[in-house]
Amino acid sequence: MTAHDHHFDAASPAPLNISKVAVGCADIDALSKRQQLRALNGEVPLITRFMPKRASELIGGSIYWIVKHQLVARQRILGFAEREEDARTIVRLEPQLVLVRACPKRAHQGWRYLAAADAPADLGSDTDAAEMLPAELMRRLIALALI
Numbered sequence: 041m042t043a044h045d046h047h048f049d050a051a052s053p054a055p056l057n058i059s060k061v062a063v064g065c066a067d068i069d070a071l072s073k074r075q076q077l078r079a080l081n082g083e084v085p086l087i088t089r090f091m092p093k094r095a096s097e098l099i100g101g102s103i104y105w106i107v108k109h110q111l112v113a114r115q116r117i118l119g120f121a122e123r124e125e126d127a128r129t130i131v132r133l134e135p136q137l138v139l140v141r142a143c144p145k146r147a148h149q150g151w152r153y154l155a156a157a158d159a160p161a162d163l164g165s166d167t168d169a170a171e172m173l174p175a176e177l178m179r180r181l182i183a184l185a186l187i
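First residue of the sequence shown? That's 41 in this note's numbering, and the numbers climb one at a time after it.
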């Protein structure tokens, strides 16, 4: 990381989100395993070519992952940094994947901005019977966009 790091400021207005296809991940488990392998010092670095123009609005927001044309999980964006060897951007993510209520989302290249109003709710953000389901059944229902 360099002096060009951007960090979360709690006084900022509601953060913006982005969506991105989890390329090569057949399901949430594959995405989770990938992120665990990439975790370093309590963060998961995501390398991208360019710093988003609205980077300061994204800090504190989340990246919503698309698997099989569904938004299925999110990770909080902690900040941005520049990789010294090639000037690519490092998106610094929390290691925890938060499952969200699956909703349809077309695949796209790179990432796209996602307004808070368009972002799906976290699973378990309201108390319901789905929270009591076995994990495997929950994953299957999410994959089918039934919850």
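Each residue gets a CB set at the ideal place from its N, CA and C atoms; glycine is no exception.
In the DSSP assignment, what residue or residues form a beta bridge with residue i?
| i | result |
| --- | --- |
| A70 | For A70, which the question treats as bridged, DSSP gives no partner whatsoever. |
| I106 | V61, L111 |
| I87 | I130 |
| P80 | One point to set straight first is that residue 80 is Leu, not Pro, in the sequence displayed. Per DSSP, E83. |
| D162 | V140 |
Nearer than 6 Å: is that true of the beta carbon of residue i relative to any heavy atom of the ligand ZN?
| i | result |
| --- | --- |
| E97 | Inclusion of the ligand ZN in the displayed structure is not the case, the ligand content being empty and no account of it being possible. |
Skipping 5 residues on each side, what residues in its chain have a beta carbon closer than 8 Å to that of residue i?
| i | result |
| --- | --- |
| H109 | P144, K145, R146, A147 |
| Q115 | Q75, V84, S102, I103, W105, L133, E134, P135, Q136, L137, V138 |
Determine the extent of the alpha helix (DSSP H) in which residue i is found, giving its start and end residues.
| i | result |
| --- | --- |
| E124 | Careful: E124 lies outside any alpha helix (DSSP H) and carries neither H nor E. |
| A95 | 95–98 |
Excluding the 5 residues flanking residue i on each side, which residues of the same chain have their C-beta closer than 7 Å to its C-beta?
| i | result |
| --- | --- |
| M91 | F120, T129 |
| A113 | I68, L71, W105, L137, V138, L139, V140 |
| A159 | N57, Y104 |
| P55 | E97, L98, I99, G100, G101 |
Which residues mark the beginning and the end of the beta strand (DSSP E) in which residue i is found?
| i | result |
| --- | --- |
| A142 | 138–144 |
| L154 | 151–154 |
Below 8 Å on the Cβ atoms is my guess for residue i versus residue j; work out the distance and round it to an integer in Å.
| i | j | result |
| --- | --- | --- |
| W151 | I68 | About 19 Å separates the two Cβ atoms, so there is no contact after all. |
| L111 | L133 | About 16 Å separates the two Cβ atoms, so there is no contact after all. |
| R123 | I87 | 7 Å |
| Y153 | R94 | 7 Å |
Could you confirm whether any beta carbon from chain C is found closer than 7 Å to the beta carbon of residue i?
| i | result |
| --- | --- |
| E83 | In summary, chain C is missing from the structure at hand, where a single protein chain is found. |
Within the same chain, show all residues whose beta-carbon is closer than 6 Å to that of residue i, passing over the 5 residues directly before and after it, in chain order.
| i | result |
| --- | --- |
| D49 | For D49, the pLDDT reaches just 49, beneath the cut-off of 50, and the residue's location in the model is therefore unreliable, although a value from the coordinates is still provided. If we look at D49 and ignore the five residues flanking it on each side, it has no Cβ neighbours. |
| N184 | Checking the sequence, you will find Leu at residue 184 rather than Asn. Once the five neighbours on either side are set aside, L184 has no close Cβ partner at all. |
| P135 | A79, V84 |
| D162 | V138, V140 |
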